[in-house]
Every structure is written in structure tokens, then in C-alpha cells.
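Below is one structure, written out as C-alpha cells; the observations come after it.
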Amino acid sequence: MSKIVPADDANIALAAGALRRGELVSFPTETVYGLGGDACNDRAVAAIYAAKGRPSFNPLIVHVPSLAAAAALGEFSEDALALGRAFWPGPLTLVVRRQRKCPLSLLVSAGMDSVALRVPAHPVARALLTASNLPLAGPSANPSGRISPTNARHVEEGLGDKVAMILDGGPCRIGVESTVLSLLDEKPALLRPGGVSPEEIAAIIGRPVEIAAPVGDVEAGLHGPGRLLSHYAPDRPVRLNAVNAQAGEALLAFGRNAPHAGITLNLSETGDLAEAAANLFAMLRALDRPDVTGIAVMPIPEVGLGIAINDRLTRAAAPR
Ligand code: TXA
Ligand code: MG
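Okay, so the sequence shown: first residue is 89 according to our numbering, each after it adds one.
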């Protein structure tokens, strides 16, 4: 039986009840769907790791309703406060030190003394945070190493048997995960590119943002495990910077003049990067078919949201 339900008030109340009992609920955010659980409940957090099959050293994002709620859980410097005021609610996650008496499960931080916090903008996510009155651990609602879900059906396909319910809020507006910024060290470090650009962050804090070590780097693996090589992998091999599809391949196209032959999906006919980001994971999934030998991907401009798209594509194409 399908776990997908419309995200109306009655179902949000039911979902809040399930979360308070330690069960898992998938909810929409403006970036991707989250796999939500009570972030103060170790059992619920463990259930999230188990459901995702995620390496236990990979810490989870905690969703809260407001900057004040975030600052009650983590230590907020002037920079952190300024960034929260500028970008929350929205697609920015801040990694800060946990407050000394932080009630969050240690498992949510994968044993570290830091925590990743985010105030989501999606009305359903916000309603669920209010109704449950809990900070919600919420990694993307996909099995570990697989493509992040941008609609309720994706969640059902990957994790349908692991959740009490899936709140359907329609397709995600942004379509790639939040920007993850670490404020643990002197220099703010970008651990994962996303909806908020390093330039926008630098403009608020008045100094440059360091781009964390390259994908696959062991240190980066420790500090920003979302940067692990081959983190967003379809089953078929992915070939980047393709001009067209070779025999047997499906084509993930981009832009006006893209070829149409064979199995082709276009991220954006008009070359719109926001539209491309919103389509990215759904189209990668749709092309990841047993009857193709691989997925050829046309080049995406390395500007704005194109940077986050290329980051995901590079990982999808990484050797594994
Ligand atoms: O857009 C998003 O951020 C989505 C939606 C559901 O909110 N959530 C999401 O969560 O993508 P997740 O758990 O899939 O990604 C968490 C990222 C990972 O790259 C993880 O390594 C990093 O945040 N992270 C979490 N806690 C951290 C910490 N304490 N230190 C360093 N990195 C951390
Ligand atoms: Mg994820």
C-alpha cells in the first residue's frame, strides 16, 4: 500500500504524532525530500541511518523552525547569526559547534562535537516542525549513495517500506540539496555547493569562503562526508561533457540546440539552470534504465546553480 498522503493539516498532525513516537516520516523541503526523525531520539536517528544504509560517520542535517531555535542547539557566532538572518528560511545549512547542553542525539552528529542546522522554507516542512515541536533530523530521503528524491514517488521507490508516511508536497522547487557551510574554523568553508552561492555568503560576512578539499579527499570525507566520491550514483555509468549519445547510451541533454534522437531528456530546453537543477535527479533516474549502456550528459555551464549541478554530476560519474 502506498505511504504517500497529501500534506494537509490532518495528515501533518498524524505525521507529527508518528515523529513523536520515534517513527520516520518523509517530508518535502524546497531542496529535496527529507527522511525525518526526532533529532533528540537516538533510536529514531539510528533508524534513519539504517533506512538509508548510510555510513555511520556521515552526520545528518537537523531542521529547525527558526534562527532562535538553531541558536539554542548550536553556538552561533556573529557570522552565523548574520547568515541565518540573511538566508533562513532557505537552502543554507550551517555547521557549528554543539551547545554544551545540546539535547540533540550524538548520533545525529556522528559522534562529532558539531551539528549541521538548517531552517527550511517549504510550508509543509515548516508546518511539520511546528506541529511536532521537535528538531527533525532530515537527510535526503534516498538510500545512501543514490540520487536524491525530488518528488514523493521517488521517496516511495527508495524507502517506501521504511517510513510511516510520505507527505506529498509536490515536486521540489530547487531540486538540489542545500549549501553546506562549516563555520567551525577561522575560515568559513564550503563543504557542499547548493542553492546559496559562495559569493552570496561572502557578501554577508565580508570575507571570502574557502572551498573545501576536492571530492574524494580523505580529510573532506571526514569533515564533509557528503563530498564522498560516487555519492550520487545511478546504476548505469555516467559520461560527462558529451556532444551526443553513442550507440546504446541515453542522453541527458541541456539547452536549445541539443539532439533529440533516441532516449533523450532535456534538463532545460531554454538553458535555464534553475529548471535544470529542478529536473536533474528525476531525469537521471528516468534515464537509469536496464536497457541502456550508460548515460551521456551534455556540458552544463559552471555558473550559479550550474556549479551545484556539475558537482552532483561529477560524483554520479566518479569511478566506483
Ligand atoms: O537540502 C538539504 O540539505 C536536504 C534537505 C532534506 O534538507 N538534506 C540533506 O541532508 O541533504 P543530508 O544528510 O543528505 O546531507 C547532509 C550533509 C552531508 O554532506 C553531511 O556530510 C553534511 O551535511 N554534514 C552534516 N553534519 C555535518 C557536520 N557536523 N560536519 C560536517 N558536515 C556535516
Ligand atoms: Mg543526501
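Note that beta-carbon positions come from the ideal geometry of N, C-alpha and C, so glycine has one too.
Cβ-based burial, residue i [other Cβ within 10 Å; buried from 16]
i	result
G226	buried
N354	buried
A98	exposed
G199	exposed
D399	buried
R131	exposed
M371	buried
I388	buried
H348	exposed
L310	For L310, the predicted model reports a pLDDT of 38, less than 50, meaning its position is unreliable and no value from the coordinates is stated.
G283	buried
I299	exposed
F342	buried
L171	buried
N345	exposed
R109	exposed
Contact check, residue i vs residue j, beta carbons under 7 Å
i	j	result
A127	V150	yes
V385	A330	yes
S266	L180	yes
L340	I383	yes
L148	L192	no
V212	A365	no
L401	L361	no
P276	I395	no
A333	G350	yes
K91	G248	yes
R186	D201	yes
V113	L195	no
A209	P237	no
Run of the beta strand (DSSP E) containing residue i, from where it starts to where it stops
i	result
I92	I92 to P94
I136	Segment D130 to K140 is the alpha helix (DSSP H) holding I136; no beta strand (DSSP E) there.
A277	A277 to R280
I100	Note, I100: premise wrong, no beta strand (DSSP E); alpha helix (DSSP H) at D97 to R108.
G124	G122 to D126
M253	M253 to D256
Near the ligand SAM: residue i beta-carbon under 6 Å from a heavy atom
i	result
P147	The ligand content of the structure shown is limited to the ligand TXA and the ligand MG, which means the ligand SAM is not among them.
Continuous alpha helix (DSSP H) stretch holding residue i: start and end
i	result
D273	From DSSP, D273 is part of no alpha helix (DSSP H); its letter is neither H nor E.
T402	L393 to A404
G246	A240 to L247
I292	P286 to I293
Any C-beta of chain B under 7 Å from that of residue i
i	result
S165	Protein chains in the displayed structure number just one, and chain B is not present.
Specify whether the stretch 151 to 168 and the stretch 240 to 256 touch according to this definition: at least 3 beta carbon pairs, one from each stretch, less than 8 Å apart.
no
If we require 3 or more residues per run, which beta strand (DSSP E) segments fall completely within the stretch 306 to 391?
337 to 341, 352 to 354 and 382 to 385
To test your reading of the DSSP string, which unbroken beta strand (DSSP E) runs of 3 or more residues are found completely within the stretch 188 to 228?
202 to 206
Closer than 8 Å is the cut-off here; do at least three beta carbon pairs connect the stretch 211 to 225 with the stretch 105 to 122?
yes
May I ask you to verify whether the stretch 111 to 124 touches the stretch 242 to 250, counting CB pairs closer than 8 Å and requiring at least 3?
yes
Is the number of C-beta pairs between the stretch 283 to 302 and the stretch 367 to 384 that are closer than 8 Å three or more?
no
What ranges does the alpha helix (DSSP H) occupy inside the stretch 143 to 178, keeping only unbroken runs of at least 4 residues that lie completely in it?
155 to 161 and 166 to 175
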